[in-house]
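Step one of this worksheet: look at the structure below.
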Amino acid sequence: MSKRAFGNSKTGTLLAMVGAATISLGALAGCEAPDWENPDYVAKMLKEGEGAEKSIALENLRKFPEERYSEVAPALVEIYMAGERDAKDAMSYLVQWRVPEAVDAYIKEMETDEAGYAGAAAEALGILDHRAAIPKMVAALQGTDNNERKQGILRGMARMSDPQMVEPMVELLKLDADNFPIALHAYACEILGNIGQENAGAITEEARDMVVLGMFLSNNTNQNTNRECGLAAQQIGPTIVPHLVKTFNGEHQAVNQLLMKYNQGPDYAFPPNQAKLVSAIRLGSMRAPQAVELFMADLKSEKGAPEELSGRQAVSWRLKEGNATDEMILALGDLGDPQARELLEEIVSDEYTNDEWDEITDGLIELQLRQDAATALARLGDRAALPTLMKMAKDGVIVDLEKRFVMLAQNGQPGKEEERYQFNWMVAQSYAMLAEADQRETYQGLIDATDEGGLKEKYKSFLPAFDVAAECGGAGDAAAQAACYGKKIEDENEVVRSKAAYELSRLPAEVASPVVAEAIKTQNLETRELLTFAGYRVATPELAQAVGELLEEEKGRSNDAARRDRNRLKLLHAYALRSSQGGAQAAE
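Next comes the structure, spelled out in structure tokens:
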């Protein structure tokens, strides 16, 4: 090629480039300028843009308005289902948004984990209550050995209740808690409880037995599923009671074997009567009528460690037996069966604690058992127990503790009156919580006959209970009384608040339940605990709704007191829900 020809060629090329640029600029002048801050533009690019534009659109979805999620979700589903380069990012938004337009994508991700969001996708299906996916969720659960993925799928299943889930949950409860995450067992109980709440008949005999076993599961880091499985028992209801009775009687072989495995030195913290303790708590929280005679028979028996136990094992057994005995005493008050009154009076009066129970008591334990029997009488609500309570307030004594205080006094170190006479003033408190306004004169006589200044002042502190009983008890009919007591729940005086909660538990459910439903919102957790007790006595579907709303409102609270309160509320909620199912406490 000549130099001239070469020069002409370069000139031609330059002219061509200038021409192309001119055409390009002209085209750009007619195009829409990028506006990634505009949701309309982002949506358009996500649906119509080329690959790079879709990627940029995905990056700008962080600020996309929630009310428009459904508009662009199909485009994200298309990106994910086609396996495009931005599939993972598309799924990351979908699992956050949890929109019905994406259920097919959620199912695929749950089954394949292609984007690494299998668990979150399953949870989205649960939140959407997409029950058509349940068979695939079960298959995905059983088809993976990845425990993190299993937990994600279980979180989704926990949002729904379906009998198809029963058998897979039973199989999870059979897993060794030391070799598999105990969270799997916790989710299994949660799901079985949810199913049982809606349809107790769907819970098989084996499933009920495994829920009871689940109450005793623990791993080598001391994590356990007692709370989750205990709530499941409450939700399942009366059909699980025979399994708890069997456990209480030491006849649940799987529980016995598990406790034998756990009961190792040096602490021997899981003696056989751990089964009695746990089942007693659950039977009480379920308000199971079968528990009354069961507990009364046990409390009338002589309590001593089996002869084959010695040393630390015997000590652990005695401590556990003392705990179980206390739980049964309190439960008899909660259950509200009048036939328990005489036995509780005998316990308060020390007709059992020094003979039949000698092996499990010392001065402090005897104090605990006897004063809790007084509390149980107040909860029982039978005012025929008032004379016994008054007698013990006047004359009651814990012999071992009294000897200790006498020795301290002789050595020139007298103990505090409030501690020395704790049994007397706590029984007096129970008297005040049980009494009507008419008993004020009798109570004043107790005060007048008391010489010890500290004890007298303690007795006086309970006088407001009689004042509120006079005011609200004379307010009119039962509805007026309930309204009056409801207003006292926020009173500055703790005695007034407590008396109001007790009296609400003794009024007819139709008038007291709406008042309790409103009052239970109090932020005083000690008062709320008593209102929770009252709630069992006046349980209705409306109360269940109120408690459910309260649980939702306060789910962010996480300190120890709040967690205990939340657990009590969950148990009450389950119990009250069953009251709408036609004789909730009758055997199904």
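Taking mature numbering (1 follows the signal peptide of the UniProt record, and there is no 0), I'd label the letters of the sequence shown as residues -29 to -1, 1 to 559.
Note that CB positions come from ideal geometry on N, CA and C, so glycine has one too.
Asked                                                                                                                                                                               : Found
Just the Cα atoms here: how many angstroms apart are C443 and A454?                                                                                                                 : 8 Å
Going by CA-CA distance only, name the one from I336, L405, P243, E292 that's closest to L360.                                                                                      : L405
Are the segment 412 to 422 and the segment 448 to 463 in contact at 8 Å, needing three or more beta carbon pairs?                                                                   : no
Whole angstroms are fine: how far does the CA of M136 sit from the CA of L315?                                                                                                      : 44 Å
Quick one: is A532 buried, meaning 16 or more other Cβ sit within 10 Å of its Cβ, or exposed?                                                                                       : exposed
To the nearest angstrom, report how far apart A302 and A251 are at their CA atoms.                                                                                                  : 8 Å
For my contact list, residue 560 and E330 are in at a C-beta cut-off of 8 Å; report their separation, rounded to the angstrom.                                                      : No statement about residue 560 is possible, as the shown extent of the chain runs from -29 to 559 and does not include it.
Look at the alpha carbon of G114 and the alpha carbon of K121, and state the distance between them as a whole number of angstroms.                                                  : 9 Å
Considering only DSSP beta bridges, list what S189 is partnered with.                                                                                                               : N195
So, P134 versus I166, is the Cβ gap smaller than 8 Å?                                                                                                                               : yes
Can you give the Cα-Cα distance for R312 and L306, rounded to whole angstroms?                                                                                                      : 11 Å
Would you mind stating whether D333 and D371 have Cβ atoms separated by less than 8 Å?                                                                                              : yes
With a cut-off of 8 Å, do at least 3 Cβ pairs link the segment 96 to 106 to the segment 41 to 58?                                                                                   : no
When you compare the segment 514 to 523 with the segment 535 to 545, are there three or more beta-carbon pairs, one atom per stretch, that lie closer than 8 Å?                     : yes
For A480, I'd like the list of residues in its chain whose CB is within less than 8 Å of its CB, leaving aside the five on either flank, ordered along the chain.                   : R508, V509, A510, T511
Within 10 Å of its beta-carbon, does N244 have 16 or more other beta-carbons around it, so buried, or fewer, so exposed?                                                            : buried
Does the beta-carbon of I98 have 16 or more other beta-carbons within 10 angstroms, so that it is buried, or is it exposed?                                                         : exposed
Taking 6 Å as the limit between beta carbons, can you name the residues of its chain near Y392, skipping five residues before and five after?                                       : L426
Please determine, among N195, I153, E8, the residue with the shortest C-alpha to C-alpha distance to V249.                                                                          : N195
Rounded to the nearest angstrom, what separates N117 and Y12 at their Cα positions?                                                                                                 : 41 Å
If distances are taken between C-alpha atoms only, which option among F241, G282, A28 comes closest to K15?                                                                         : A28
So within the segment 195 to 247, which uninterrupted alpha helix (DSSP H) runs reach at least 4 residues, ignoring any that extend past its ends?                                  : 197 to 207, 212 to 219, 224 to 233
Residues in the same chain with beta-carbon distance under 6 Å from E161, minus the five sequence neighbours each way, listed in chain order, please.                               : A129, E199
Identify every run of the alpha helix (DSSP H) within the segment 67 to 96, keeping only runs that are complete inside it and at least 4 residues long; order them along the chain. : 74 to 83
Rounded C-beta distance between A76 and V48? I'm assuming under 8 Å.                                                                                                                : 5 Å
How is the alpha helix (DSSP H) around R499 delimited, first residue to last?                                                                                                       : 496 to 508
Taking Cβ to Cβ, would you say R253 is nearer than 8 Å to A204?                                                                                                                     : yes
Let me make sure I understand the geometry here. Which of A46, A364, E523, K470 has the alpha-carbon closest to that of E19?                                                        : A46
Which same chain residues end up closer than 7 Å to V141 when comparing Cβ atoms and leaving out the 5 residues on each side of it in sequence?                                     : E177, A178, M181
Decide if R39 is buried, meaning its Cβ has at least 16 other Cβ atoms within 10 Å, or exposed.                                                                                     : exposed
Can you tell me whether Y392 is helix, strand or coil according to DSSP?                                                                                                            : coil
Can F484 and E513 be called in contact, C-beta distance under 8 Å?                                                                                                                  : As written in the sequence, residue 484 is Ser, which differs from the Phe given in the question. Yes. Within cutoff.
For K59, collect the residues of the same chain with a Cβ closer than 6 Å to its Cβ; drop the 5 residues on either side in sequence, then sort them by chain order.                 : A86
How about Y88 and M108: do their beta carbons lie closer than 8 Å?                                                                                                                  : no
Let me know the secondary structure DSSP gives G527 once reduced to three states.                                                                                                   : coil
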